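A.B. asks:
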Amino acid sequence: MPSWNSPRPRTGDHKWKIPAQTGLKNGEHVSTDDRCMGRFRGGLTTKIHALEYVEGRRIHLALTAGQARDAPAGRELLARLTPGGILLADKAYDTDAIRAETAARGGFANVPPGSIRKCTFAFSPWLYRQSHLIERFFNHIKQMRGLASSYDRRPDNFRAALKLAATRF
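Take a look at the structure:
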């Protein structure tokens, strides 16, 4: 019997199998667009866009790269807005297209006007205070270390982790 420090005898049946190739072809790299990761101040980042109803239920999420603008993702989430609903959003979502699409769905866009907007729209600060639910959601997300650090590099895994975290709040 061999001692504990002697090498184990190897036979042809017990050799290690090392895969010769991975999922990528030679010279091919995974692009950051597929991961919803983009360069912004401080490195690679991901933006989370969320649509939440007033009751604090049924959250719809969208992920974009860190350097992407907020308005295009907001337009994608508008398809899930209930007809006749009120949209409470940040100044980043203050575009004519979002306001027109919300009005076409029979809703009202209560978005604070951006600083560069020449014409003003109706805006209710009292109604805008009701957006604290979504702000609290993002605060809870930032407190979760695994989500705040974005350990999941694939957008579908990261979105699934966000949805699991959303069920907790």
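If you're matching positions, the sequence shown starts at 90 in this note's numbering and goes up one per residue. Quick reminder that beta carbons are idealized off the backbone N, C-alpha and C, glycines included. Computed from a predicted model, the values in this text were never measured in an experiment.
For residue 153, tell me which candidate among 244, 256 and 251 has the shortest Cα-Cα distance.
C.D. replies: Out of 244, 256 and 251, 244 has the C-alpha closest to the C-alpha of residue 153.
A.B. asks: By the 10 Å Cβ neighbour count, where 16 or more other Cβ atoms means buried, how is residue 185 classified, buried or exposed?
C.D. replies: Label assigned to residue 185: exposed.
A.B. asks: Measure the C-alpha to C-alpha separation of residue 148 and residue 177 and round it to an integer number of angstroms.
C.D. replies: Roughly 14 Å separates the two Cα atoms.
A.B. asks: Mind checking whether residue 141 and residue 223 have CB atoms under 8 Å apart?
C.D. replies: Yes. Within cutoff.
A.B. asks: Strictly by DSSP, which residues pair up with residue 153?
C.D. replies: DSSP, once it has assigned bridges, lists 136 as partnering residue 153.
A.B. asks: Which full runs of the alpha helix (DSSP H) of 4+ residues lie inside the segment 162-216, going along the chain?
C.D. replies: Those alpha helix (DSSP H) runs which fall completely within the segment 162-216 and span 4+ residues are 185-193.
A.B. asks: Rounded to a whole number of angstroms, what is the C-alpha to C-alpha distance between residue 136 and residue 155?
C.D. replies: Near 5 Å, if we compare the C-alpha coordinates of residue 155 and residue 136.
A.B. asks: Are residue 191 and residue 198 closer than 8 Å when you measure CB to CB?
C.D. replies: Contact: yes.
A.B. asks: Suppose you measure from the CA of residue 130 to the CA of residue 211; what does that come to, to the nearest Å?
C.D. replies: Near 34 Å, if we compare the C-alpha coordinates of residue 211 and residue 130.
A.B. asks: From the DSSP output, in three-state form, read off residue 243 for me.
C.D. replies: Reduced to three states, the DSSP call for residue 243 is coil.
A.B. asks: Please report the residue range of the alpha helix (DSSP H) in which residue 224 lies.
C.D. replies: Looking at the DSSP string, the run of the alpha helix (DSSP H) that includes residue 224 is 221-232.
A.B. asks: Between the alpha carbons of residue 179 and residue 139, how many angstroms are there, rounded?
C.D. replies: Their backbone Cα atoms lie some 12 Å apart in a straight line.
A.B. asks: Can you give the Cα-Cα distance for residue 172 and residue 194, rounded to whole angstroms?
C.D. replies: Near 5 Å, if we compare the C-alpha coordinates of residue 194 and residue 172.
A.B. asks: Looking at residue 159 and residue 181, is the spacing between their C-beta atoms short of 8 Å?
C.D. replies: Their beta carbons are under 8 Å apart, which means residue 181 touches residue 159 by this criterion.
A.B. asks: In its own chain, which residues sit with a C-beta less than 6 Å from the C-beta of residue 231, not counting the 5 before and 5 after it?
C.D. replies: Same-chain partners within the cutoff: 237.
A.B. asks: From residue 167 to residue 247, what does the alpha carbon distance come to, in whole angstroms?
C.D. replies: Their Cα atoms are separated by approximately 22 Å.
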